[in-house]
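When we follow this note's numbering, the leftmost residue of the sequence shown carries the number 147, and every step to the right adds one.
Virtual Cβ for every residue (Gly too), placed ideally from N, Cα, C.
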Amino acid sequence: MVQATKLPVDTSVNAMQLAEEMFGRGVTLVSASYTGNSASKGIYSNGEAVSPGVVPADGGIILSTGRADAFTNDSGEANHAGGTGSNMSGAGHARLDDIAGVGTRDAAIIQATFIPEGSTLTMQLVFSSEEYPEYANAGFNDAVGIFVNGVRAELTIGSGDISIDNITQGGTNHDGDPITPSNENLYVDNTGDQYNTEMDGFTVTLTLKAPVTPGVENTIWIGIADAGDSAYDSNLLIAADSVQTEVIAYDDNDEMERNSSLTLDVLGNDTAARAQRWSSPRSTARMSWPATA
């Protein structure tokens, strides 16, 4: 277990301040709006010192199905509560209903209009939840939806939805039923209380991308909601300045022969086209890794 320390979260910010925090290079912000409880959104800071290994960046925004400042606590040991949750008595949203597969509640949604310089929008985020791990495949599929110009943005590593049921490890759920593992490589378990957050599980930093049209107004819709009930909290943390169109490096792939070596440039673009090829596919290893900006 680790000592509990409160992550600074300013919930007094407005929609434009949230959008300005998350948008980065190659984007001009036009307008923004927020729908949800005022306590369910905020700008966080000092994340790498307070919650290392959890937050996607030192600063950014947080959207929550409960209170944004309940992501951490400031007393005793971290993750001391068995069920962190706040019923915000809020509505869900049809887009999130479709992703969750059940009715949603307590939605927190930010929408923005922006003018991009490039043709591909990328962003980095972490999804965390108190529903993990025992309520996976149990009807409480808290979910995130991100739509750019009305089209769902896609994960660059992994597949499918950002939700409890789609990013989870195996095991047995609260009902005693087996949990179907899905995108296990994206999931981090916190039931041992080794990370400073009240959430029992969270994802690694995920990267999403979506096509945009340069030089004209585009839209983005980002939402998170409870599914099935309003009991346990889930959170979406988006890295500051990460919603951008100035691509520094693409996701990489390369090949190498067994028992050989290959030098990779994590700040550059390494591709299989650049790599030396060998005639036997049985002696070739394929690799892929997220871009490092």
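Of the residues the options, the one placed nearest residue i, counting alpha carbons only
{"i": "S443", "options": "S388, D220, I370", "result": "With the chain covering only 147 through 439, there is no way to say anything about residue 443."}
{"i": "L242", "options": "R251, A203, S235", "result": "R251"}
{"i": "L382", "options": "A161, S177, T349", "result": "T349"}
{"i": "D156", "options": "R171, G172, S179, G193", "result": "G193"}
{"i": "T326", "options": "F169, S235, Y281, I207", "result": "Y281"}
{"i": "T353", "options": "D321, Q340, S388, G322", "result": "S388"}
{"i": "Y341", "options": "D244, G317, G199", "result": "G199"}
{"i": "V272", "options": "P202, V248, F293", "result": "P202"}
{"i": "D288", "options": "G374, N331, V334, G206", "result": "G374"}
{"i": "E166", "options": "I256, V294, I308, V297", "result": "I256"}
{"i": "L175", "options": "A216, I261, G222", "result": "I261"}
{"i": "V148", "options": "E223, E392, N319", "result": "E223"}
{"i": "Q515", "options": "L267, I207, L153", "result": "Since the first residue shown for the chain is 147 and the last is 439, residue 515 is missing from the structure and cannot be characterised."}
{"i": "S179", "options": "T365, N331, A214, A216", "result": "T365"}
{"i": "I303", "options": "V290, V294, D335, T351", "result": "T351"}
{"i": "S197", "options": "G291, S274, S184", "result": "S274"}
{"i": "A161", "options": "T181, I292, T359, K152", "result": "T181"}
Span of the beta strand (DSSP E) around residue i
{"i": "L164", "result": "That residue, L164, is in no beta strand (DSSP E); its alpha helix (DSSP H) goes 161–168."}
{"i": "P357", "result": "352–357"}
{"i": "K187", "result": "187–190"}
{"i": "T211", "result": "Segment: none, T211 is in no beta strand (DSSP E) and carries neither H nor E."}
{"i": "L383", "result": "380–385"}
{"i": "S177", "result": "173–181"}
Delimiting residues of the alpha helix (DSSP H) encompassing residue i
{"i": "G193", "result": "193–196"}
Residue i burial status per 10 Å Cβ neighbour count (16 or more: buried)
{"i": "T337", "result": "exposed"}
{"i": "D372", "result": "buried"}
{"i": "M168", "result": "buried"}
{"i": "N312", "result": "buried"}
{"i": "T218", "result": "buried"}
{"i": "S305", "result": "exposed"}
{"i": "M269", "result": "buried"}
{"i": "M345", "result": "buried"}
{"i": "S380", "result": "buried"}
{"i": "T391", "result": "buried"}
{"i": "P427", "result": "With a pLDDT of 39 at P427, under the threshold of 50, the modelled position of that residue is not reliable, and no figure is offered here."}
{"i": "S328", "result": "buried"}
{"i": "N331", "result": "exposed"}
Between the CA atoms of residue j and residue i - distance to the nearest angstrom
{"i": "N225", "j": "G361", "result": "46 angstroms"}
{"i": "A258", "j": "D220", "result": "33 angstroms"}
{"i": "A150", "j": "I384", "result": "22 angstroms"}
{"i": "A254", "j": "D323", "result": "30 angstroms"}
{"i": "E277", "j": "S376", "result": "11 angstroms"}
{"i": "L413", "j": "S235", "result": "Note that L413 scores 48 on pLDDT, short of 50, meaning its location in the model is unreliable and no value can be drawn from it."}
{"i": "N415", "j": "W367", "result": "For N415, the predicted structure reports a pLDDT of 49, less than 50, and the residue's modelled location is therefore unreliable. The matter cannot be settled from this model."}
{"i": "K187", "j": "L301", "result": "23 angstroms"}
{"i": "G238", "j": "G264", "result": "33 angstroms"}
{"i": "Y190", "j": "G285", "result": "30 angstroms"}
{"i": "P357", "j": "I310", "result": "26 angstroms"}
{"i": "Y333", "j": "G347", "result": "7 angstroms"}
{"i": "V173", "j": "D244", "result": "29 angstroms"}
{"i": "T417", "j": "T266", "result": "Any reading at T417 must be qualified, since the residue scores a pLDDT of 46, below 50, and its modelled position is unreliable; no value is offered."}
{"i": "R171", "j": "G231", "result": "35 angstroms"}
{"i": "G247", "j": "G212", "result": "20 angstroms"}
{"i": "G317", "j": "E363", "result": "45 angstroms"}
{"i": "T343", "j": "V294", "result": "30 angstroms"}
Continuous alpha helix (DSSP H) assignments of at least 4 residues falling wholly in the segment 235–270 = 240–246
Fully enclosed by the segment 269–307, which beta strand (DSSP E) runs are 3 residues long or longer?
-> 289–294
Within the segment 315–364, ranges of the beta strand (DSSP E) (whole runs, at least 3 residues) | 333–335, 347–349, 352–357
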